[in-house]
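**Student:** Before I ask anything, here is the structure I am working with.
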Amino acid sequence: MAADEDALLAEQIAYYRARAPEYDRVYAKREDLRELLTQADDLPIAGDVLELACGTGQWTGALAARARSVTAVDASPEVLGIARARATSPNVRFDQVDVFQWRPPRRYDTVFFAFFLSHVPPSRLGDFWDTVAAALAPHGKAIFIDEGPAAVAREEVASDVRRLEDGSQYRIVKVLHEPGELTGELAALGWSADIRLREEFIIGTAKPRSVPVI
Ligand SMILES: C[S@@+](CC[C@H](N)C(=O)[O-])C[C@H]1O[C@@H](n2cnc3c(N)ncnc32)[C@H](O)[C@@H]1O
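Per the working numbering, the sequence shown starts with residue 2, numbered consecutively.
Written as structure tokens, this is what we have:
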């Protein structure tokens with residue numbers, strides 16, 4: 002039901018707002034995540050980049066080093082505050098945006114999102130990818146990174162109920178996509194995608210299908 006889902010997505014934003022001061026601990030704790038950050042150098046990031054759900058800016062600096070400009074958006078003002086302090090390159094700007102209620106005001110060469118696709122409810126997948134398409138320039142690419150199916154073994158990652166250090170609990174959306182299935186879902190939505198497993202993670206590149214992925 003739409004009202005229930007709206008409430009769930011609002012709770013998901015509330016969770017990340019409240020979690021902002023704790024968020025970076027996961028990167029401090031997990032070496033595989035820190036190693037994954039180095040993958041940004043191998044991704045086809047170019048031109049003007051839109052980063053969706055940038056969080057505390059863990060990826061933003063690496064994007065800025067490869068991009069002409071980065072526009073990084075997130076729904077949580079608290080994580081944006083941390084990201085602004087972390088990613089200080091002059092070619093980065095931040096905006097507070099609810100991705101599910103937003104149409105991009107311009108087009109970008111690259112649309113990047115890390116650890117956000119798994120928070121998109123299946124019922125919004127088509128609308129979400131329409132938003133990505135609306136943000137892409139004709140030869141632009143979407144690049145995404147997320148937890149893969151193997152993350153199901155990590156209760157703290159796979160669970161759709163999250164608890165903060167103060168004991169407060171929040172419901173969120175968590176969908177662990179399998180590359181083959183996601184490729185098929187994207188094909189049905191008009192995208193051509195190349196999605197690879199890298200240990201517990203998926204790394205994907207996608208283009209609207211009229212333009213082949215290269
Ligand atoms: C798992 S974090 C990922 C953050 C960052 N991309 C990273 O990889 O570290 C998910 C992010 O999605 C943001 N978010 C949740 N719902 C959102 C929405 N509706 N619109 C924009 N951002 C949202 C949260 O505030 C949070 O920063």
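We treat Cβ as the ideally placed atom computed from N, Cα and C, and that holds for glycine. Here the structure is a predicted model, which is why all the values come from computation and not from measurement.
Name the one or two DSSP bridge partners that Trp192 has.
**Tutor:** Pro209.
**Student:** I need the straight-line Cα distance from Pro213 to His140, nearest angstrom please.
**Tutor:** Confidence at Pro213 is low in this model, with a pLDDT of 49, below 50, so its placement is unreliable and the value that follows should be read with caution. Near 9 Å, if we compare the C-alpha coordinates of His140 and Pro213.
**Student:** Relative to the C-alpha of Val98, which residue among Phe202, Glu6, Arg199 and Ala11 is closest?
**Tutor:** Ala11
**Student:** Are there any heavy atoms of ligand 1 lying less than 7 Å away from the beta-carbon of Thr111, as far as the coordinates show?
**Tutor:** False, no ligand heavy atom lies under 7 Å from that Cβ.
**Student:** Can Leu64 and Val50 be called in contact, C-beta distance under 8 Å?
**Tutor:** yes
**Student:** On a Cα-Cα basis, can you pick out the residue from Arg87, Leu137 and Glu200 that is closest to Ala152?
**Tutor:** Residue Glu200 is the option with its Cα nearest to Ala152.
**Student:** Suppose you measure from the CA of Asp75 to the CA of Ala115; what does that come to, to the nearest Å?
**Tutor:** 12 Å
**Student:** Determine the DSSP secondary structure at Ser169, reduced to helix, strand or coil.
**Tutor:** coil
**Student:** Just to confirm my understanding: we take Ala134, look at its own chain, exclude 5 residues before and 5 after, and list those with CB closer than 6 Å. What are they?
**Tutor:** Pro209
**Student:** For the alpha helix (DSSP H) that contains Ala152, what are its first and last residues?
**Tutor:** Segment: none, Ala152 is in no alpha helix (DSSP H) and carries neither H nor E.
**Student:** Give me the residue from Gln170, Ala54, Leu37 and Asp195 with the minimum Cα distance to Glu182.
**Tutor:** Asp195
**Student:** Since I believe Val121 is in contact with Val174 (beta carbons under 8 Å), could you give me their beta-carbon distance rounded to a whole number of angstroms?
**Tutor:** The Cβ separation is near 7 Å, so the contact holds.
**Student:** Between Val93 and Thr61, which are expected to be in contact by the criterion C-beta below 8 Å, what is the C-beta distance as a whole number of angstroms?
**Tutor:** Right, their Cβ atoms sit about 6 Å apart.
**Student:** Can you list, in chain order, the stretches of the beta strand (DSSP E) that have 3 or more residues and sit fully within the region 95 to 139?
**Tutor:** 109 to 115
**Student:** By Cβ distance below 6 Å, which residues in the same chain neighbour Asp5 in space, the five residues on each side in sequence not counted?
**Tutor:** If we look at Asp5 and ignore the five residues flanking it on each side, it has no Cβ neighbours.
**Student:** Cβ of Ser119 within 8 Å of Cβ of His178?
**Tutor:** yes
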